[in-house]
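To keep things clear, I will list the structure first and then write my remarks on it.
Protein chains: 2
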Amino acid sequence: MSKVVAVVGATGAVGTEMIRMLEERDFPVRRIKLLASERSVGKRLTFKGEEVPVEQLTKTAFNGIEIALFSAGADRSREFAPPAVADGAVVIDNSSAFRMDDGVPLVVPEINPEKIREHKGIIANPNCSTIIMVVPIYPLHKAAKIKRIVVSTYQAVSGTGQKAIEELREQVLLALAGKPVSPKVYKYQIAFNLFPHVDTFQPNGYTKEEMKMVNETRKIIGDYSIMVSATTVRVPVFRAHSESVNVQFHRRLTAAEARQILSKAPGVKLVDDPAQLRYPMPIEATGQGDVLVGRIREDISQENTLDMFVSGDQLLKGAALNAVQIAEKLL
Amino acid sequence: MSKVVAVVGATGAVGTEMIRMLEERDFPVRRIKLLASERSVGKRLTFKGEEVPVEQLTKTAFNGIEIALFSAGADRSREFAPPAVADGAVVIDNSSAFRMDDGVPLVVPEINPEKIREHKGIIANPNCSTIIMVVPIYPLHKAAKIKRIVVSTYQAVSGTGQKAIEELREQVLLALAGKPVSPKVYKYQIAFNLFPHVDTFQPNGYTKEEMKMVNETRKIIGDYSIMVSATTVRVPVFRAHSESVNVQFHRRLTAAEARQILSKAPGVKLVDDPAQLRYPMPIEATGQGDVLVGRIREDISQENTLDMFVSGDQLLKGAALNAVQIAEKLL
Numbered sequence: 001m002s003k004v005v006a007v008v009g010a011t012g013a014v015g016t017e018m019i020r021m022l023e024e025r026d027f028p029v030r031r032i033k034l035l036a037s038e039r040s041v042g043k044r045l046t047f048k049g050e051e052v053p054v055e056q057l058t059k060t061a062f063n064g065i066e067i068a069l070f071s072a073g074a075d076r077s078r079e080f081a082p083p084a085v086a087d088g089a090v091v092i093d094n095s096s097a098f099r100m101d102d103g104v105p106l107v108v109p110e111i112n113p114e115k116i117r118e119h120k121g122i123i124a125n126p127n128c129s130t131i132i133m134v135v136p137i138y139p140l141h142k143a144a145k146i147k148r149i150v151v152s153t154y155q156a157v158s159g160t161g162q163k164a165i166e167e168l169r170e171q172v173l174l175a176l177a178g179k180p181v182s183p184k185v186y187k188y189q190i191a192f193n194l195f196p197h198v199d200t201f202q203p204n205g206y207t208k209e210e211m212k213m214v215n216e217t218r219k220i221i222g223d224y225s226i227m228v229s230a231t232t233v234r235v236p237v238f239r240a241h242s243e244s245v246n247v248q249f250h251r252r253l254t255a256a257e258a259r260q261i262l263s264k265a266p267g268v269k270l271v272d273d274p275a276q277l278r279y280p281m282p283i284e285a286t287g288q289g290d291v292l293v294g295r296i297r298e299d300i301s302q303e304n305t306l307d308m309f310v311s312g313d314q315l316l317k318g319a320a321l322n323a324v325q326i327a328e329k330l331l
Numbered sequence: 332m333s334k335v336v337a338v339v340g341a342t343g344a345v346g347t348e349m350i351r352m353l354e355e356r357d358f359p360v361r362r363i364k365l366l367a368s369e370r371s372v373g374k375r376l377t378f379k380g381e382e383v384p385v386e387q388l389t390k391t392a393f394n395g396i397e398i399a400l401f402s403a404g405a406d407r408s409r410e411f412a413p414p415a416v417a418d419g420a421v422v423i424d425n426s427s428a429f430r431m432d433d434g435v436p437l438v439v440p441e442i443n444p445e446k447i448r449e450h451k452g453i454i455a456n457p458n459c460s461t462i463i464m465v466v467p468i469y470p471l472h473k474a475a476k477i478k479r480i481v482v483s484t485y486q487a488v489s490g491t492g493q494k495a496i497e498e499l500r501e502q503v504l505l506a507l508a509g510k511p512v513s514p515k516v517y518k519y520q521i522a523f524n525l526f527p528h529v530d531t532f533q534p535n536g537y538t539k540e541e542m543k544m545v546n547e548t549r550k551i552i553g554d555y556s557i558m559v560s561a562t563t564v565r566v567p568v569f570r571a572h573s574e575s576v577n578v579q580f581h582r583r584l585t586a587a588e589a590r591q592i593l594s595k596a597p598g599v600k601l602v603d604d605p606a607q608l609r610y611p612m613p614i615e616a617t618g619q620g621d622v623l624v625g626r627i628r629e630d631i632s633q634e635n636t637l638d639m640f641v642s643g644d645q646l647l648k649g650a651a652l653n654a655v656q657i658a659e660k661l662l
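These protein sequence lines are chains V and S, in that order. The opening residue of the first sequence carries number 1 in the numbering used here; numbering runs sequentially from there. The opening residue of the second sequence carries number 332 in the numbering used here; numbering runs sequentially from there.
This is the structure we're talking about:
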């Protein structure tokens with residue numbers, strides 16, 4: 001029953017959380033192999049109390065691997081996932097490389113676990129902003145069918161990786177000291193600033209991140225009639241993405257009905273008590289597996305529409321946790 | 332022609348900018364009177380190179396005042412604006428106290444300057460988030476008539492005042508040092524965090540700030556058929572509010588047409604060149620009188636709809652500058 005597992009991109013922000021999730025959820029690991037690029041070779045990471053050396057990611061590194069969790073960027077996934085599959089591994093890929101491919105299931109276990117069995121070696125883990133949105137809206141879709149979504153995000157720097165976390169920390173201190181800030185990871189200063197720019201721009205004026213939220217939402221929910229417009233924004237928060245979501249349904253859903261549904265929904269924690277000033281926030285979502293949802297109200301500008309605000313740890317449910325949950329379903 | 336001017340709340344974040352705007356725009360001031368609460372009495376502020384003592388705000392302080400710029404909160408406006416008017420002053424009030432009153436013009440000089448002459452002693456300056464939104468969308472409304480707006484804000488702490496600016500600075504240093512943070516101005520930590528909570532909650536689930544954006548937008552534009560849903564969010568930015576705005580029109584407006592209109596619109600600066608990674612950001616909007624607008628694109632989820640992103644200095648165009656521009660029109 002226990003598996004030989006590889007983590008690809010083991011030293012990155014998501015990779016380290018993948019290792020921690022495998023431990024914390026007591027995934028049956030017979031042996032773990034930690035793979036990364038050449039510059040990380042020689043590092044040692046701890047798994048269940050034992051030091052494990054980081055080995056170099058090569059095309060021949062997957063001999064004997066049964067499950068490979070990839071989080072090393074789309075280029076590396078495109079290069080190394082096919083040889084891993086050829087060697088018999090099932091790849092759960094956190095990059096965007098294969099998500100929209102026809103033969104590749106794009107899975108959020110709370111929504112479409114049945115797609116896992118259709119895999120041909122690769123299962124894609126959705127984009128973090130998409131996961132954090134679809135987990136709370138899917139139970140509402142089942143009740144009233146979603147017609148259109150307008151979403152604006154508030155995305156943490158850890159979505160970019162470890163270097164962006166360091167950059168925010170350094171820039172904040174420089175900015176407070178009145179010293180010049182030289183952006184390296186981002187084009188502009190992120191400390192005490194924000195920008196409507198996540199991933200590259202597309203010809204239609206949207207960014208890739210925004211189009212991921214459009215296309216992946218439809219594929220995961222399995223309803224291509226759902227219309228989505230997204231604006232994705234990077235904010236000076238270390239961890240956990242937040243989103244302001246306006247959802248139009250085909251029939252009326254009251255705020256009370258939505259709260260009732262979400263209070264019992266898997267992967268969701270209802271944090272919605274304005275009288276007690278309780279609503280989702282990134283510092284509260286950080287480290288939690290559930291997506292927090294609150295500020296649920298009937299949109300006064302349009303019928304059959306709800307406004308809500310969500311926060312979720314994009315390294316956990318938005319990435320590592322979702323990947324490990326897929327692996328659990330594979331067992 | 333020159334006027335005797337009072338600034339009420341002279342030591343606050345907006346009050347100090349009002350004084351600076353009067354100087355910078357060379358408003359014809361014959362004499363300036365700086366008023367504040369008792370604890371600021373004795374302070375001295377500089378106006379055109381001369382030190383001016385801060386005097387106590389009382390009901391008898393307005394003798395001889397011709398124009399009174401108020402920015403000391405709604406309670407003080409309700410208490411002190413009527414005696415100021417009784418003494419012959421025209422009050423330009425930055426608080427929410429009178430904005431929705433029938434006899435009180437709510438003015439953005441680029442939009443409805445003609446309303447100024449209808450005043451009965453008080454002219455209201457709109458909410459900062461509202462001004463920053465309506466300045467760029469009004470020229471588009473004239474071209475294609477707005478049907479519905481869905482807006483999510485990214486609001487700087489300076490909107491709360493000087494103490495919130497200090498709180499963000501202190502909390503950032505404590506948080507980076509791993510020390511506990513004790514929020515005072517806000518309910519929760521604002522450093523490296525954000526919350527969907529600006530002003531108090533209303534029975535309909537929206538906050539007061541959100542309902543200001545709904546009601547004031549209609550009154551300023553003078554079209555009560557415009558539907559608005561707003562989600563207002565406080566973010567760890569020192570200055571300048573940003574907003575993700577989705578606007579549905581009655582007829583199609585292409586992104587190119589919208590850019591063409593906005594490139595010539597008063598009070599607006601078009602910053603919209605994705606290829607060069609140019610878009611509005613709060614650090615760029617800070618200190619600018621114009622509202623920056625960019626990320627203009629046709630919404631792929633609905634016809635006749637545009638998405639855009641705006642950033643504006645809410646202490647300037649969102650407050651002090653707009654108030655002084657109203658005063659200029661009064662001359």
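Even glycine gets a Cβ: it sits at the ideal position worked out from N, Cα and C.
What do you get for Pro514/S, buried or exposed, if any count of 16 or more other CB atoms within 10 angstroms of its CB means buried? Exposed is the call here.
Just how far apart, CA to CA, sit Asn546/S and Met431/S? Cα to Cα, Asn546/S sits roughly 8 Å from Met431/S.
Thr231/V CB to nearest chain S CB: under 9 Å? Yes, because at least one Cβ of chain S sits closer than 9 Å to the Cβ of Thr231/V.
Tell me the residue span of the alpha helix (DSSP H) that contains Met349/S. Here the alpha helix (DSSP H) through Met349/S covers Ala344 to Glu355.
Proximal chain S residues relative to Pro282/V, where beta-carbon distance stays under 7 Å: Under the 7 Å cutoff, chain S gives Asn524 and Leu525.
In chain order, what residues of the same chain have a beta carbon less than 8 Å from the beta carbon of Phe523/S, not counting five sequence neighbours either side? Counting only Cβ-Cβ distances below 8 Å, and skipping sequence neighbours, we find Val503, Ala506 and Pro567.
Could you name the residues of chain V that Ala586/S contacts, counting a contact when the two beta carbons are closer than 7 Å? Simply Gly205.
At a CB-CB cut-off below 7 Å, which residues of chain S make contact with His197/V? Here the neighbours are Leu608 and Tyr610.
Could you name the residues of the same chain whose beta carbon sits closer than 8 Å to that of Val624/S, not counting the 5 residues immediately before and after it, in chain order? Pro467, Leu593, Val599, Lys600, Leu601, Val602, Asp603, Pro611, Met639, Phe640 and Val641.
DSSP on Tyr188/V, reduced to helix/strand/coil? It is coil, neither helix nor strand.
Beta-carbon proximity list for Arg582/S, same chain, < 8 Å, skipping 5 on both sides: Around Arg582/S: Ala475, Lys476 and Asn635.
Does the structure place the region 238-252 of chain V close enough to the region 149-159 of chain V that three or more beta carbon pairs sit under 8 Å? The region 149-159 of chain V, when compared against the region 238-252 of chain V, does touch it at the 8 Å Cβ threshold.
Applying the criterion that 16 or more other CB atoms from any shown protein chain within 10 Å of the CB defines a buried residue, is Asn535/S buried or exposed? It counts as exposed.
On the criterion of 16 or more Cβ atoms from any shown chain inside 10 Å, does Ala327/V qualify as buried, or is it exposed? So Ala327/V counts as buried.
Against chain S, which members of the region 236-254 of chain V pass a CB distance test of less than 7 Å? Contact residues of the region 236-254 of chain V toward chain S are Pro236, Val237, Phe238, Ser242, Ser244 and Asn246 (C-beta to C-beta distance below 7 Å).
So, are the CB atoms of Ile32/V and Val52/V less than 9 Å apart? Result yes, Cβ atoms of Ile32/V and Val52/V sit closer than 9 Å.
Whole-Å CB distance - Pro414/S paired with Phe393/S, under 8 Å assumed: In this structure Pro414/S touches Phe393/S by the C-beta definition: roughly 6 Å separates them, less than 8 Å.
Is the CB of Met100/V under 9 Å away from at least one CB in chain S? Contact with chain S is absent for Met100/V, since none of that chain's Cβ atoms lies less than 9 Å from the residue's Cβ.
Run down chain V in chain order and give the residues with a C-beta less than 9 Å from the C-beta of Leu507/S. Under the 9 Å cutoff, chain V gives Arg169, Val172 and Leu173.
Determine whether the beta carbon atoms of Leu437/S and Ala455/S lie at a separation below 9 Å. Cβ distance < 9 Å, so Leu437/S and Ala455/S count as in contact.
Cβ neighbour criterion (16 or more within 10 Å) applied to Tyr469/S: Result: buried.
Should Arg295/V be labelled buried (16 or more other beta-carbon atoms within 10 Å of its own) or exposed? That one is buried.
Would you check if there are 3 or more beta carbon pairs closer than 8 Å linking the region 43-59 of chain V to the region 348-357 of chain S? Taking 8 Å as the limit for Cβ pairs, the verdict is that the region 348-357 of chain S does not touch the region 43-59 of chain V.
Note down, in chain order, all residues in the region 285-309 of chain V with a beta-carbon under 8 Å from any beta-carbon belonging to chain S. Along the region 285-309 of chain V, going in chain order, the ones with a CB nearer than 8 Å to a CB of chain S are Gly294, Arg295, Ile296, Arg297, Glu298, Asp299, Ile300, Ser301, Gln302, Thr305, Asp307 and Phe309.
Throw me the rounded Cβ distance for the Glu629/S and Ala586/S pair, which I believe falls under 8 Å. Correct: roughly 5 Å between the Cβ atoms.
Quick one: which chain S residues come within Cβ less than 7 Å of Lys187/V? Taking a Cβ-Cβ cut-off of 7 Å, the neighbours of Lys187/V in chain S comprise Leu608, given in sequence order.
Compute the distance between the beta-carbons of Arg234/V and Ile190/V, then report whether it is under 9 Å. Yes; because the gap between Cβ atoms is below 9 Å, this pair is in contact.
DSSP three-state label for Tyr224/V, please. Three-state result, Tyr224/V: coil.
At 4 residues or longer, and completely inside the region 76-136 of chain V: list those alpha helix (DSSP H) runs for me, N to C. Entirely contained in the region 76-136 of chain V, not one alpha helix (DSSP H) run reaches 4 residues.
Taking Cβ positions, are Val336/S and Leu388/S nearer each other than 9 Å? In terms of Cβ geometry, Val336/S and Leu388/S do not form a close pair [threshold 9 Å].
Which residues does DSSP list as the beta-bridge partners of Pro384/S? Arg375/S.
Own chain residues within Cβ distance below 7 Å of Ser560/S, not counting five before or after: Setting aside the 5 residues that flank it on each side, Ser560/S is surrounded in the same chain by Val481, each with a C-beta closer than 7 Å to its C-beta; the list follows chain order.
Return no unless some Cβ of chain A is closer than 9 Å to the Cβ of Tyr154/V. You won't find chain A in this structure, because its protein chains are V and S.
Measuring alpha carbon to alpha carbon, tell me which residue in Gly395/S, Glu386/S, Lys390/S and Lys660/S is nearest Arg361/S. Cα-wise, what sits closest to Arg361/S is Gly395/S.
Under the three-state DSSP convention, the category Val324/V falls into: Helix, per DSSP.
Provide the residue(s) that pair with Thr484/S in DSSP beta bridges, ordered along the chain. Bridge partners of Thr484/S: Glu574/S.
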